[in-house]
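See below for the structure under consideration.
In UniProt numbering, the protein residues as written are 1 to 318.
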């Protein structure tokens, strides 16, 4: 019977901790248990006000699980994944057990090498369009993980999304506790988590199509558009259970790594998901019966600034 060992665990954890998470809170841990690798939630790192229900926590954990899967497959030791494997241990969100040894596929190799090159790029993207074949790859990446991806085409769709996103952003900006919590995760140049100012977007202007969180204080020329016509994606699932949100996290990371492999940058837009009325408006605007789980922008642009990560030893538990 195949069993994972401590070197497999470190490899999976090193990849897993590169996943995206709200405010770069990194709410995960990894352990070796009876020859399997388990991905665990770290409740102490959940964003308590912005993510009181744990939706963003589970998206992050799903993304970390996908990275761990890739690392193991890259090493020729692929995993079979069971989400929420133990009712008595709710913090264990995924259990990876060894599948038969095989060489990695070309896609697994490409996506694995993209892990360290993927990070949120909040700078404006260039107007160069994303090619049709790349858009197809992004949609397929979501589909194989049990999710759907809608890419908004044309200014009518973008304007509708913009109105929903700005409405949600205004609701969140009026919440003083929400804003205070966000500040605690901002400007952390010497920390190994949170959002450093160098990785933040410039201060928002009234004419911006997409709202930006105020993680920093960098200004740009007055009246200058942030992005005139970005490519926006909405990723969702048929259901909205904890299992669906973990699946959405895996799908999100598959899509983002596919974009990175194609030379694209990305950043997440969560405000329309965080506000329940905005999320419902977004669902209806898409004509979907399922549940939007995250939005993001994709495009070509100048290199961004990666956010810090904790050391592998800090995310391993016995």
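Heads up, the beta-carbon is just placed ideally off N, CA and C, and yes, glycines get one too.
Length of the line joining the Cα atoms of residue i and residue j
i, j, result
"residue 296", "residue 94", "25 Å"
"residue 318", "residue 152", "45 Å"
"residue 303", "residue 87", "43 Å"
"residue 43", "residue 91", "8 Å"
"residue 141", "residue 148", "9 Å"
"residue 257", "residue 114", "6 Å"
"residue 213", "residue 183", "10 Å"
"residue 164", "residue 281", "7 Å"
"residue 35", "residue 313", "19 Å"
"residue 51", "residue 276", "12 Å"
"residue 305", "residue 239", "34 Å"
"residue 28", "residue 39", "7 Å"
"residue 242", "residue 294", "15 Å"
"residue 56", "residue 22", "6 Å"
"residue 33", "residue 172", "41 Å"
"residue 127", "residue 195", "26 Å"
"residue 74", "residue 106", "10 Å"
"residue 89", "residue 181", "28 Å"
"residue 156", "residue 316", "47 Å"
"residue 279", "residue 6", "42 Å"
"residue 118", "residue 254", "11 Å"
"residue 53", "residue 120", "23 Å"
Contact check, residue i vs residue j, beta carbons under 7 Å
i, j, result
"residue 169", "residue 26", "no"
"residue 97", "residue 108", "no"
"residue 267", "residue 259", "no"
"residue 327", "residue 19", "This structure does not reach residue 327, given that the chain is present from 1 up to 318, and the question cannot be answered."
"residue 145", "residue 251", "yes"
"residue 61", "residue 41", "yes"
"residue 309", "residue 17", "yes"
"residue 249", "residue 59", "yes"
"residue 150", "residue 286", "yes"
"residue 177", "residue 273", "no"
"residue 136", "residue 231", "no"
"residue 264", "residue 298", "yes"
"residue 166", "residue 104", "no"
"residue 125", "residue 227", "yes"
"residue 307", "residue 2", "no"
"residue 209", "residue 162", "yes"
DSSP state of residue i mapped onto helix, strand, coil
i, result
"residue 166", "helix"
"residue 280", "helix"
"residue 99", "coil"
"residue 55", "helix"
"residue 36", "strand"
"residue 81", "strand"
"residue 194", "coil"
"residue 301", "coil"
"residue 183", "helix"
"residue 72", "helix"
"residue 256", "helix"
"residue 261", "helix"
"residue 248", "helix"
"residue 237", "strand"
"residue 315", "helix"
"residue 272", "helix"
Residues near residue i in its chain [Cβ-Cβ closer than 6 Å; skip 5 each side]
i, result
"residue 187", "197"
"residue 37", "4, 9, 12 and 96"
"residue 223", "For residue 223, the predicted model reports a pLDDT of 49, less than 50, meaning its position is unreliable; a value from the coordinates is still stated below. Around residue 223: no qualifying Cβ."
Cut-off 8 Å between Cβ atoms - residues of its own chain near residue i, not counting five sequence neighbours on either side
i, result
"residue 288", "148, 150 and 236"
"residue 14", "71 and 312"
"residue 301", "121, 123, 124, 125, 126 and 265"
Sequence-distant residues of the same chain with beta carbon closer than 7 Å to residue i, five excluded per side
i, result
"residue 78", "72, 99 and 102"
"residue 133", "none"
"residue 283", "291 and 292"
"residue 191", "308"
- request: May I have a chain-ordered list of the alpha helix (DSSP H) segments no shorter than 4 residues that lie completely inside the region 88 to 133?
  value: List check, alpha helix (DSSP H) in window: 106 to 114.
Unbroken stretches of the beta strand (DSSP E), 3 residues or longer, contained in the region 9 to 35: DSSP runs (the beta strand (DSSP E)) wholly in the region 9 to 35: 28 to 33.
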